[in-house]
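In this note's numbering, the protein residues as written are 16 to 154.
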């Protein structure tokens with residue numbers, strides 16, 4: 016129901032993401048390590064609903080292979096004026112993840128519409144690692 020809202024509390028969005036991560040952990044085997052951290056206080060901050068989840072979903076989609084060691088790191092850093100999300104994952108399937116960003120298109124469009132000139136998104140693929148860094152200024 017919150018997905019229809021213009022903004023939701025960041026704390027609620029992080030709780031939703033935390034529950035998603037816990038569900039993913041249930042299906043993972045010991046070859047996958049997941050680190051999830053929140054630095055700062057999300058209380059009273061507002062954000063567009065479900066704008067962060069696609070970046071985390073992609074880490075689990077492209078960063079998990081039961082036959083290889085896999086690492087996923089999700090870090091939220093919250094200040095009085097901004098949110099930074101960093102998601103990194105091991106590239107385990109050998110594909111060019113950057114060229115497969117079709118699923119991120121809606122998120123990119125939403126960021127432009129909801130946070131014009133108030134966000135910075137950096138997506139990069141290094142040798143063996145995919146990194147998404149998103150900064151959103153609170154309005």
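Positions of the beta carbon are idealized from the N, C-alpha and C atoms, including for glycine.
Is there at least one non-hydrogen atom of the ligand NAP closer than 7 Å to the beta-carbon of residue 37?
Among the components modelled here there is no ligand, and therefore nothing to report on the ligand NAP.
How far does the alpha helix (DSSP H) with residue 74 in it extend, from its first residue to its last?
Position 59 of the chain shown holds residue 74. It spans 68 to 77 - the alpha helix (DSSP H) in which residue 74 sits, taken as one unbroken run.
Cβ separation of residue 153 and residue 78, assumed to be a contact under 8 Å, to the nearest whole Å:
On the chain shown, position 138 is the one that residue 153 refers to. On the chain shown, position 63 is the one that residue 78 refers to. Not quite, the Cβ-Cβ distance comes to about 29 Å (not below 8 Å), so this is no contact.
Rounded distance between the beta-carbons of residue 102 and residue 89, thought under 8 Å:
One-based indexing of the chain shown puts residue 89 at position 74. One-based indexing of the chain shown puts residue 102 at position 87. That belief holds up - the Cβ atoms of residue 89 and residue 102 are roughly 5 Å apart, short of 8 Å.
Do residue 149 and residue 134 have their C-beta atoms within less than 8 Å of each other?
The residue given as residue 149 occupies position 134 in the chain shown. The residue given as residue 134 occupies position 119 in the chain shown. Yes, the pair counts as a contact, with Cβ atoms nearer than the cut-off.
Considering Cα atoms alone, identify which of 22, 60, 86, 38 is closest to residue 49.
Here residue 49 refers to the residue found at position 34 when the chain shown is read from its first residue. Ranking the options by Cα distance to residue 49, first place goes to 86.
Rounded to a whole number of angstroms, what is the C-alpha to C-alpha distance between residue 137 and residue 68?
Counting from one through the chain shown, the residue named residue 137 turns up at place 122. Counting from one through the chain shown, the residue named residue 68 turns up at place 53. Between residue 137 and residue 68, the C-alpha separation is close to 16 Å.
Does DSSP put residue 59 in a helix, a strand or coil?
In the chain shown, the residue the question calls residue 59 occupies position 44. Three-state result, residue 59: coil.
For residue 83, count the other beta carbons within 10 Å of its own beta carbon; 16 or more makes it buried, fewer makes it exposed. Which is it?
Locating residue 83 in the chain shown gives position 68, where the first residue counts as 1. Classification for residue 83: exposed.
Less than 8 Å between the C-beta atoms of residue 22 and residue 71, yes or no?
Here residue 22 is taken as the residue at index 7 of the chain shown, counted from 1. Here residue 71 is taken as the residue at index 56 of the chain shown, counted from 1. Contact annotation: residue 22 and residue 71 have beta-carbon atoms that are not nearer than 8 Å.
Classify residue 80 as helix, strand or coil using the three-state DSSP reduction.
Against the chain shown, residue 80 aligns to sequence position 65. DSSP places residue 80 in coil when its eight states are reduced to three.
Reference residue 139; option with closest CA among 81, 59, 106, 97
Stepping through the chain shown from its first residue, residue 139 is reached at position 124. If we check each option's Cα against that of residue 139, 106 comes out closest.
Contact set for residue 46: own chain, Cβ-Cβ below 7 Å, skip 5 residues either direction
Working through the chain shown from its first residue, we reach residue 46 at position 31. So the qualifying residues of the chain are 81, 83, 84, 85.
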